[in-house]
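Only one structure is covered here, and it is reproduced in the block below.
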């Protein structure tokens, strides 16, 4: 039996068309459509080759997206039993990850996106950081088993957390640790072994749909969670959460311009409410939006905590996040089985 490429080559020769940059697995109808265009408009081979190239890239990313969990898996968590307050529930946001440095312990956050990859910030994995492993399924870093509830025998308890070594660090090529603007502050961690999904360990969704890619998030209420600074201590033992509004890039840029910084379209700003912010311990953690338009009401990662002003939670000064919608093609390109 002939392969797709051999079949397309036969068709191409029949119409005096030279196929180049064709990848095995390219969608049949895309290639045939381009052949029809070539015949109809008598396009020259170089133009045809470019068209095939872009079709192949698009199809390649479509294949790569299959490495991410379906929406009936990602961004789901058990219904919470208690609402209000800043401490997250046991089992809430089961995609949250802690990054562990060999010398300094837990230094950053991240988000599990499939069984082998964690999304985090590039500034969390620079050369001077000796990244050892990631921790999944954590709530209180001081205890092995985390429970909530006051009635003996009826407490709700989590499984012990899981530590997995990091196999590969993939930082975005444009990130420059010496540039205070933080452009390209995004990275992927490939884990040494597959993660088993449980009630307390589950991936977050990425904004892959056209609707989420094109959505205007300004004014939306989003959530940041992690083990970062509070106003009282340098770090929290338990997972914390905070709701913050997304601010327009134009308004955000005005605040940071005074500090000699620029906000790019590849960034998103959220916060600006007094006492509510993500702080340094939450670096690399996800900015989370709940997609209420879906039946599952999945949580989606729309940002990665990048930076803010040194003092956290200042009124009218939002935090800066890497905008994930701008980097989904890059993420898909880097994923491998």
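Numbering (full-length UniProt numbering), first residue to last: 1 to 337.
C-beta: ideal position from N, C-alpha, C; glycine also.
Using C-beta distances below 8 Å, list every residue in its chain close to residue i, excluding the 5 sequence neighbours before and after it, in chain order.
{"i": "residue 213", "result": "207, 325 and 328"}
{"i": "residue 137", "result": "94, 158, 159, 160, 161, 162, 198, 200 and 201"}
{"i": "residue 156", "result": "81, 90, 91, 147, 148 and 149"}
{"i": "residue 293", "result": "211"}
{"i": "residue 309", "result": "259 and 317"}
{"i": "residue 217", "result": "246, 268, 289 and 302"}
{"i": "residue 270", "result": "222, 224, 244, 245, 246, 247, 287, 303, 318, 319 and 321"}
{"i": "residue 77", "result": "91, 92, 93, 94, 202 and 299"}
Out of the options, which one is the CA nearest neighbour of residue i?
{"i": "residue 298", "options": "89, 158 and 209", "result": "209"}
{"i": "residue 272", "options": "261, 246 and 287", "result": "246"}
{"i": "residue 114", "options": "236, 191, 222 and 101", "result": "191"}
{"i": "residue 104", "options": "69, 130 and 111", "result": "130"}
{"i": "residue 182", "options": "265, 76, 101 and 73", "result": "265"}
{"i": "residue 172", "options": "290, 189, 180 and 283", "result": "189"}
{"i": "residue 87", "options": "290, 224 and 304", "result": "224"}
{"i": "residue 167", "options": "133, 187, 145 and 179", "result": "133"}
{"i": "residue 226", "options": "109, 99, 70 and 68", "result": "109"}
{"i": "residue 174", "options": "164, 165 and 187", "result": "187"}
{"i": "residue 288", "options": "164, 307 and 323", "result": "323"}
{"i": "residue 106", "options": "257, 135, 180 and 169", "result": "135"}
{"i": "residue 306", "options": "205, 169 and 179", "result": "179"}
{"i": "residue 170", "options": "205, 119 and 112", "result": "119"}
{"i": "residue 70", "options": "205, 77 and 112", "result": "205"}
Quick check: what's the CA-CA separation for residue i versus residue j?
{"i": "residue 239", "j": "residue 253", "result": "30 Å"}
{"i": "residue 251", "j": "residue 263", "result": "10 Å"}
{"i": "residue 65", "j": "residue 153", "result": "43 Å"}
{"i": "residue 43", "j": "residue 127", "result": "Only weak support is given to the placement of residue 43: the predicted model assigns it a pLDDT of 42, under 50, and the value that follows is read from those uncertain coordinates. In a straight line, the C-alpha of residue 43 is about 49 Å away from that of residue 127."}
{"i": "residue 340", "j": "residue 121", "result": "Missing from the structure shown is residue 340; the chain here goes from 1 to 337 and no further."}
{"i": "residue 56", "j": "residue 139", "result": "The predicted model places residue 56 with a pLDDT of 39, which falls under 50 and marks its position as unreliable, so this point remains unresolved."}
{"i": "residue 259", "j": "residue 242", "result": "25 Å"}
{"i": "residue 334", "j": "residue 184", "result": "15 Å"}
{"i": "residue 300", "j": "residue 331", "result": "15 Å"}
{"i": "residue 237", "j": "residue 141", "result": "5 Å"}
{"i": "residue 125", "j": "residue 320", "result": "18 Å"}
{"i": "residue 100", "j": "residue 290", "result": "28 Å"}
{"i": "residue 249", "j": "residue 286", "result": "18 Å"}
{"i": "residue 102", "j": "residue 165", "result": "11 Å"}
{"i": "residue 235", "j": "residue 75", "result": "26 Å"}
{"i": "residue 295", "j": "residue 228", "result": "32 Å"}
{"i": "residue 67", "j": "residue 337", "result": "7 Å"}
{"i": "residue 97", "j": "residue 144", "result": "16 Å"}
{"i": "residue 38", "j": "residue 215", "result": "With a pLDDT of only 42 at residue 38, under the threshold of 50, the placement of this residue in the model should not be trusted, and no figure is reported."}
{"i": "residue 203", "j": "residue 282", "result": "18 Å"}
{"i": "residue 177", "j": "residue 257", "result": "19 Å"}
{"i": "residue 151", "j": "residue 112", "result": "33 Å"}
Could you give the DSSP three-state label for residue i: helix, strand or coil?
{"i": "residue 74", "result": "coil"}
{"i": "residue 299", "result": "strand"}
{"i": "residue 245", "result": "strand"}
{"i": "residue 107", "result": "strand"}
{"i": "residue 8", "result": "At residue 8 the pLDDT is 44, less than 50, meaning the model places this residue with poor confidence; the figure from the coordinates comes in the next sentence. Three-state result, residue 8: helix."}
{"i": "residue 337", "result": "coil"}
{"i": "residue 262", "result": "coil"}
{"i": "residue 270", "result": "strand"}
{"i": "residue 100", "result": "strand"}
{"i": "residue 318", "result": "strand"}
{"i": "residue 326", "result": "helix"}
{"i": "residue 44", "result": "Below a pLDDT of 50, predicted positions are generally treated as unreliable, and residue 44, at 43, falls in that range; no measurement from the model is reported."}
{"i": "residue 121", "result": "coil"}
{"i": "residue 113", "result": "coil"}
{"i": "residue 140", "result": "strand"}
{"i": "residue 225", "result": "strand"}
{"i": "residue 332", "result": "helix"}
{"i": "residue 236", "result": "coil"}
{"i": "residue 306", "result": "strand"}
{"i": "residue 65", "result": "helix"}
{"i": "residue 22", "result": "In this prediction, residue 22 scores a pLDDT of 37, lower than 50, which makes its location untrustworthy; the coordinate-derived value is nonetheless stated afterwards. Looking at residue 22 - three-state DSSP - the assignment turns out to be coil, as it is neither helix nor strand."}
Here's a check: name, in chain order, each residue in its chain whose Cβ is nearer than 6 Å to the Cβ of residue i, leaving out the five neighbours to either side.
{"i": "residue 220", "result": "246"}
{"i": "residue 255", "result": "317"}
Less than 7 Å between C-beta atoms, sequence neighbours within five positions excluded: which residues of the same chain meet that for residue i?
{"i": "residue 196", "result": "none"}
{"i": "residue 194", "result": "115 and 116"}
{"i": "residue 284", "result": "99, 108, 109, 110, 120, 121, 124, 304 and 305"}
{"i": "residue 261", "result": "180 and 181"}
Beta strand (DSSP E) runs contained entirely in the region 147-216, provided each spans 3 or more residues: 162-171 and 187-191
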